[in-house]
Amino acid sequence: MTNRNRALRRHHQKRLKAKRGQYNSSGFCQFGQVTPRNAGVAYHTPCRCSCWMCGNQRQHFGANMQERRAELKHKD
5 MTNRNRALRR HHQKRLKAKR GQYNSSGFCQ FGQVTPRNAG VAYHTPCRCS
55 CWMCGNQRQH FGANMQERRA ELKHKD
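To get my numbering, take the position in the sequence shown, counting from 1, and add 4.
Spelled out as structure tokens, the structure:
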């Protein structure tokens, strides 16, 4: 079992804030500037929207083909 101490959590937080701060397509980086607030939002919620393109497929379109086939196979 690995040791999940404070230093490791802070290391990952800093790393992910730097990485996700460069997400131009999601509105976190405005005019090439990443504010500390936007970096924190990007760290906690990397996907800002839940539209039909970005959100959960099951919520918008129902079960996928694999799940439908499995359901039909086990109904008998």
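Where is the CB? At the ideal position from N, CA and C, for every residue including glycine.
- When the beta-carbon positions are compared, Y47 and R14 stay at least 7 Å from each other.
- Within 10 angstroms of the beta-carbon of N42 lie 16 or more other beta-carbons, which makes it buried.
- Secondary structure note for Y27: it is in no alpha helix (DSSP H), with a DSSP letter that is neither H nor E.
- Rounded to the nearest whole angstrom, the CA to CA distance from C58 to R10 is 32 Å.
- In this structure, the alpha-carbon of G44 lies about 10 Å from that of V38.
- Apart from sequence neighbours up to five positions away, the residues of its chain that approach A67 with a beta-carbon distance below 8 Å are E75, ordered along the chain.
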